[in-house]
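Read the structure below first, then the notes.
Protein chains in written order, with full-length UniProt numbering: chain A, 1 to 146; chain B, 1 to 146; chain C, 1 to 146; chain D, 1 to 146.
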């Protein structure tokens, strides 16, 4: 079941988010990183991030975080899905697909049909799913040199 | 000279922004599209878009629009450079490079070092510049099917 | 066990090669296509294609076809691995990896260390393997319009 | 004028081919590299490389080298255009385009309609031309680790 993240999810959420950060090579995030992120998600600020989880009878199998932000071409803005993670032991069971659908549903309720995300070109398992539930665009990301 | 967009730029700004929209195949935008975009830029809402122009003695040679939006990994958020355009007759004179630097400077003043943008993989003239002033990341963009 | 393709493999080889052709959308190849390809592989012409199969106690689980061709930068030429296929029921057991290694070994025996192949950017299962046993280059393929 | 490379082109050919090698970071090739390549091109072996040059009244402005090699899917094989170079001072005058057309013509005479080449994803000037005279395929190149 996909539902909004809530205060009582703190422990299970952090376990998942840590797994996600480890996937990207940030396994050593300080506790403050998780504290701040969770506090922002719980603040329910319409202009900041929202969280959804996949709850399997009380056990969290996956999470996603998304935000609505302005776009000059669209009055209603766009929805950016930043984080998506499925617990290693729950892969292949449709968790990520359901979470993406959960974001689509939330975006529809907010009147923001345009949902997008970025993924590494070589995130093969992710892209197998994304090619089915979304479409690749020809856009690539540039960033200012740190 | 790079400077903030202002009310008196309306005509020159629209000429440029129309050129940019034509580049992306949206040459037939209604007047309301430009009216709304300009009004948003003039509202100077810290959470909405900002505009910079390249002013060559009163003649506008290029424009850029950027916005600061939240990022769950960074307290200060990130800066998204959405639009960048140089008038056809002013290409090759460093206009786009100066505009990007203008966004970098604005981002620095806002305490948001992370600036990014998206570009089509086959935007060769753009990428020749971007490879010099920024770095390509391995990230590609997926979007919900319309 | 990886070994050279031989005359008695005709039936099993065609079953595999048909599967491979179907993967690429050419499921309706005429019998002549297979006849010619097999005859060329059996001719053992040093300048034409060679075949290797993965033989699991008499049952063929996979095949690969490769050819040596000139390269103006290298006296010894290069080795092009054109076809690689694992039977659907034998996936995930290292068949493709062993076949690639078989080509590497054949190339070493021929004094041609440079082995390459081309794959679709979105061949995710293939690329998961290729990233481990080879390296991606920045080269992309252009072809004359048909 | 596009014509076949000939013995008397030795000096002008080497000047161009050195420029091309420098472009790829191989500016220090030994004389033997050029000796061997030129000898192979002059041998006119149907299975080895052929050379074309762009001759502007006795001055060579560009070169290309191509080879026909077997392909298991096509009886007639394919034509691989390996090298293409325009002298720095002759850019923007259609030299590369004419050379590619020269290879297309030679391939037609040989009954080999399929012509292909590989190029770096970030070879923007090249790709501006290639997108017009050919088509990009989704294929990327993998190579054995050296």
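Glycine included, C-beta positions come from ideal geometry on N, C-alpha and C.
For clarity, every value in this text was computed on a predicted model and none was experimentally measured.
Integer Cβ distance of residue i from residue j, believed to fall under 8 Å
{"i": "residue 62(D)", "j": "residue 99(D)", "result": "5 Å"}
{"i": "residue 107(A)", "j": "residue 113(A)", "result": "7 Å"}
{"i": "residue 41(C)", "j": "residue 5(C)", "result": "6 Å"}
{"i": "residue 29(C)", "j": "residue 21(C)", "result": "5 Å"}
Interface flag, residue i vs chain D, CB-CB below 8 Å
{"i": "residue 144(C)", "result": "yes"}
{"i": "residue 1(B)", "result": "no"}
{"i": "residue 24(B)", "result": "no"}
{"i": "residue 35(C)", "result": "no"}
{"i": "residue 135(C)", "result": "yes"}
{"i": "residue 16(C)", "result": "no"}
{"i": "residue 118(C)", "result": "yes"}
{"i": "residue 122(B)", "result": "yes"}
{"i": "residue 38(C)", "result": "no"}
{"i": "residue 82(C)", "result": "yes"}
{"i": "residue 72(C)", "result": "yes"}
Distance between residue j and residue i (C-alpha atoms, nearest Å)
{"i": "residue 11(B)", "j": "residue 60(A)", "result": "54 Å"}
{"i": "residue 37(C)", "j": "residue 55(C)", "result": "20 Å"}
{"i": "residue 135(A)", "j": "residue 125(C)", "result": "19 Å"}
{"i": "residue 85(C)", "j": "residue 145(A)", "result": "42 Å"}
{"i": "residue 46(B)", "j": "residue 92(B)", "result": "32 Å"}
{"i": "residue 104(B)", "j": "residue 123(A)", "result": "30 Å"}
{"i": "residue 73(A)", "j": "residue 7(B)", "result": "19 Å"}
{"i": "residue 79(D)", "j": "residue 96(C)", "result": "28 Å"}
{"i": "residue 13(B)", "j": "residue 75(A)", "result": "19 Å"}
{"i": "residue 156(B)", "j": "residue 67(B)", "result": "Nothing in the structure corresponds to residue 156(B), since chain B is present only between 1 and 146."}
{"i": "residue 31(A)", "j": "residue 130(B)", "result": "36 Å"}
{"i": "residue 33(D)", "j": "residue 17(D)", "result": "11 Å"}
{"i": "residue 90(A)", "j": "residue 27(D)", "result": "53 Å"}
{"i": "residue 51(A)", "j": "residue 109(A)", "result": "15 Å"}
{"i": "residue 150(C)", "j": "residue 39(A)", "result": "Because chain C spans 1 through 146 in this model, residue 150(C) falls outside it and cannot be assessed."}
{"i": "residue 58(A)", "j": "residue 71(B)", "result": "28 Å"}
{"i": "residue 77(C)", "j": "residue 35(A)", "result": "59 Å"}
{"i": "residue 139(A)", "j": "residue 23(C)", "result": "28 Å"}
Minimum Cβ-Cβ distance from residue i to chain A less than 8 Å
{"i": "residue 128(C)", "result": "yes"}
{"i": "residue 76(B)", "result": "no"}
{"i": "residue 131(C)", "result": "yes"}
{"i": "residue 28(C)", "result": "no"}
{"i": "residue 67(B)", "result": "yes"}
{"i": "residue 125(B)", "result": "no"}
{"i": "residue 115(B)", "result": "yes"}
{"i": "residue 47(B)", "result": "yes"}
{"i": "residue 141(B)", "result": "yes"}
Three-state secondary structure assigned by DSSP to residue i
{"i": "residue 83(C)", "result": "strand"}
{"i": "residue 30(D)", "result": "coil"}
{"i": "residue 47(B)", "result": "coil"}
{"i": "residue 104(A)", "result": "helix"}
{"i": "residue 132(D)", "result": "helix"}
{"i": "residue 110(B)", "result": "coil"}
{"i": "residue 124(C)", "result": "helix"}
{"i": "residue 59(A)", "result": "strand"}
{"i": "residue 74(C)", "result": "strand"}
{"i": "residue 15(C)", "result": "helix"}
{"i": "residue 1(B)", "result": "coil"}
{"i": "residue 20(D)", "result": "helix"}
{"i": "residue 40(B)", "result": "helix"}
{"i": "residue 141(B)", "result": "strand"}
Beta-carbon proximity of residue i to residue j, cut-off 8 Å
{"i": "residue 137(C)", "j": "residue 143(D)", "result": "yes"}
{"i": "residue 49(A)", "j": "residue 69(A)", "result": "no"}
{"i": "residue 141(B)", "j": "residue 116(A)", "result": "yes"}
{"i": "residue 87(C)", "j": "residue 19(C)", "result": "yes"}
{"i": "residue 167(D)", "j": "residue 102(D)", "result": "Outside the modelled stretch of chain D, which goes from 1 to 146, sits residue 167(D), for which no answer is possible."}
{"i": "residue 9(A)", "j": "residue 53(A)", "result": "yes"}
Cutoff 8 Å: residue i Cβ touching any chain C Cβ
{"i": "residue 104(A)", "result": "no"}
{"i": "residue 99(D)", "result": "no"}
{"i": "residue 53(D)", "result": "no"}
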